[in-house]
Amino acid sequence: MMDASIIGGGIGGLTAAVALRRAGWNVEVFERADTLGEVGAGVAIAPNAVKALASIGLAAALDAVAMRLDGLEVRTRGGRTLTRVPGDMLQRRYGTPLYSLHRAELHRILRDAIGDVPLHTGATVTDVTPDGEFTVGGHRRRADLVVAADGVRSRVRAHLFPAHPGPSYAGYTVWRGIVPADAARGIDVAPRIGETWGRARRFGTVPFADGRVYWYAMENAPEGARPRHDVTALAERYAGWHRPIPELLAATPVANMIRHDVHYLRDPLAAFTAGKVALLGDAAHAVTPDIGQGACLAIEDGVVLAAVRDLADYDAQRRPRTQRIAAASGRLGRMLTVGNPAAVLVRDAVAGMTPISMSMRSIGSAYEWTPPIAA
1 MMDASIIGGG
11 IGGLTAAVAL
21 RRAGWNVEVF
31 ERADTLGEVG
41 AGVAIAPNAV
51 KALASIGLAA
61 ALDAVAMRLD
71 GLEVRTRGGR
81 TLTRVPGDML
91 QRRYGTPLYS
101 LHRAELHRIL
111 RDAIGDVPLH
121 TGATVTDVTP
131 DGEFTVGGHR
141 RRADLVVAAD
151 GVRSRVRAHL
161 FPAHPGPSYA
171 GYTVWRGIVP
181 ADAARGIDVA
191 PRIGETWGRA
201 RRFGTVPFAD
211 GRVYWYAMEN
221 APEGARPRHD
231 VTALAERYAG
241 WHRPIPELLA
251 ATPVANMIRH
261 DVHYLRDPLA
271 AFTAGKVALL
281 GDAAHAVTPD
291 IGQGACLAIE
301 DGVVLAAVRD
311 LADYDAQRRP
321 RTQRIAAASG
331 RLGRMLTVGN
341 PAAVLVRDAV
351 AGMTPISMSM
361 RSIGSAYEWT
371 PPIAA
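When we follow full-length UniProt numbering, the leftmost residue of the sequence shown carries the number 1, and every step to the right adds one.
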């Protein structure tokens with residue numbers, strides 16, 4: 001039995017653990033944090049990732065806890081609908097629903113699915129080499145496959161690809177919040193992904209099956225700026241925006257909010273592999289959140305990695321697709337965060353005149369994906 005060591009216990013790393021274990025590998029996971037888990041935010045599981053999870057036996061587990069969303073809608077800050085893609089149309093076109101759930105719930109599904117795979121927390125991995133050697137806990141280890149799923153600031157990527165400049169700032173910061181179910185009761189939130197575009201700002205809502213509501217607020221900001229991190233300040237920024245945005249902000253405990261600047265790999269890597277080491281998820285292709293594909297692509301990566309014949313095949317399958325989607329997401333983000341009033345008018349006018357069929361095509365490059373058959 002071949003040995004696989006996975007560095008990083010996030011969504012991508014655990015998906016790889018599940019898939020590799022099912023494929024007959026002896027797997028162990030090393031996570032630098034002292035406790036394992038995902039905090040603070042929701043995630044939309046698009047049809048491509050739904051199919052990937054189904055291919056490793058997790059369709060029922062996902063459907064049991066996630067919410068089936070009624071598509072996507074974009075509005076102006078005044079509430080005028082610019083475009084809407086119905087959920088039944090998405091399901092007919094791509095074969096699965098669009099789901100939402102808290103990242104911690106997805107993480108739990110994956111943790112349950114890895115079974116008896118050893119999962120080491122508080123484990124910092126260093127000195128990874130292309131021959132599959134690495135150091136952890138002061139001991140030198142070797143594996144037939146090392147999976148670097150250690151995030152946008154991947155130490156493994158920096159070590160193996162020292163010429164790469166690393167992550168770049170996308171130009172905006174994002175607040176994420178969760179409204180508790182009892183506080184969300186009575187607030188009218190549509191059962192779909194809703195995004196509202198303003199001037200250099202955006203706001204999105206994603207309901208969960210258990211009654212909670214996840215929201216995000218994006219705003220252009222200089223790199224390293226530290227805007228006030230409280231609900232009152234955020235409510236002032238979005239004063240006058242359509243309902244239920246003010247109500248959601250007012251119902252959010254500050255303890256349920258996080259904020260971070262958005263970084264991504266603007267400069268694409270020349271390879272996702274080096275010898276016996278494969279980069280996965282944000283370590284390989286960190287994307288902006290504008291197409292909602294960060295977690296989805298990491299899930300795909302884990303499934304493909306377990307199915308390919310060798311790492312050259314993994315690189316050939318994953319690098320073109322993920323880098324194409326990452327570039328498209330970056331372009332979309334720049335368009336959506338325009339601050340010039342004239343540019344905002346043009347953006348909204350174009351979105352309002354775009355037929356649903358064209359909107360479907362714009363997301364089709366991400367959603368239209370089929371899991372590979374194991375080699």
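Beta carbons are placed, not taken as given, at the ideal position from N, Cα and C, and that holds for glycine.
query                                                                                                                                                                   : result
What beta strand (DSSP E) runs, 3 residues minimum, are completely inside the stretch 150-216?                                                                          : 168-179, 193-197 and 201-207
What does a CB cutoff of less than 8 Å around V254 pick up in its chain, not counting 5 residues either side in sequence?                                               : H229, D230 and V231
Flag V189 as yes if its beta-carbon sits less than 8 Å from any beta-carbon of chain B, otherwise no.                                                                   : No chain B is present in this structure, which holds just one protein chain.
Can you tell me where the beta strand (DSSP E) holding Y99 begins and where it ends?                                                                                    : L98 to H102
For S168, tell me which candidate among H159, D282 and M67 has the shortest Cα-Cα distance.                                                                             : D282
Nearest CA to the CA of G57: which residue from Y216, D144 and A113?                                                                                                    : A113
Could you have a look at H120 and say whether DSSP puts it in helix, strand or coil?                                                                                    : strand
Excluding the 5 residues preceding and the 5 following N26 in the sequence, name in chain order all residues of the same chain whose CB lies nearer than 8 Å to its CB. : M1, M2, D3 and A4
Buried or exposed for H260, please, with buried defined as at least 16 other CB atoms from any protein chain shown within 10 angstroms of its CB.                       : exposed
What's the call for E300, buried or exposed, on a 16-neighbour Cβ count within 10 Å?                                                                                    : buried
How do the stretch 349-356 and the stretch 297-317 stand: do at least 3 beta-carbon pairs fall below 8 Å, yes or no?                                                    : no
Based on the DSSP output, what are the partners of H107 in its beta bridges?                                                                                            : None; H107 has no bridge partner.
Whose C-alpha, out of A327, A61, I193 and V43, is nearest the C-alpha of residue 402?                                                                                   : In the structure as shown, the chain starts at 1 and stops at 375, and residue 402 therefore has no counterpart that could be examined.
Roughly how many whole angstroms lie between the Cα atoms of I363 and R140?                                                                                             : 44 Å
Rounded to the nearest angstrom, what separates P371 and R243 at their Cα positions?                                                                                    : 39 Å
Spatial neighbours of A17 within its chain, please: CB distance less than 7 Å, with the 5 preceding and 5 following residues excluded, ordered by chain position.       : I6, V27, V29, I114 and V117
Give the range of the alpha helix (DSSP H) segment to which G57 is assigned.                                                                                            : Here G57 belongs to no alpha helix (DSSP H), and DSSP marks it neither H nor E.
Throw me the rounded Cβ distance for the V179 and A251 pair, which I believe falls under 8 Å.                                                                           : 5 Å
Excluding the 5 residues flanking T288 on each side, which residues of the same chain have their C-beta closer than 7 Å to its C-beta?                                  : A170, V262, Y264, S329, G330 and G333
Are E248 and V213 close, meaning C-beta to C-beta below 8 Å?                                                                                                            : Here residue 248 turns out to be Leu, not Glu, going by the sequence shown. Yes, the pair counts as a contact, with Cβ atoms nearer than the cut-off.
By the three-class DSSP mapping on this structure, what secondary structure does E236 have?                                                                             : helix
Using a threshold of 8 Å, state whether the C-beta atoms of E223 and A123 are closer than that.                                                                         : no
When you compare the CB positions of P246 and A233, do they come within less than 8 Å of one another, or not?                                                           : no
Could you check what DSSP says for L72 in three-state terms: helix, strand or coil?                                                                                     : strand
Less than 8 Å separating the beta-carbons of G42 and R103?                                                                                                              : yes
Please state whether DSSP places A274 in a helix, a strand or coil.                                                                                                     : strand
If you reduce the DSSP assignment to three classes, tell me which class R141 lands in.                                                                                  : strand
According to DSSP, is H263 helix, strand or coil?                                                                                                                       : strand
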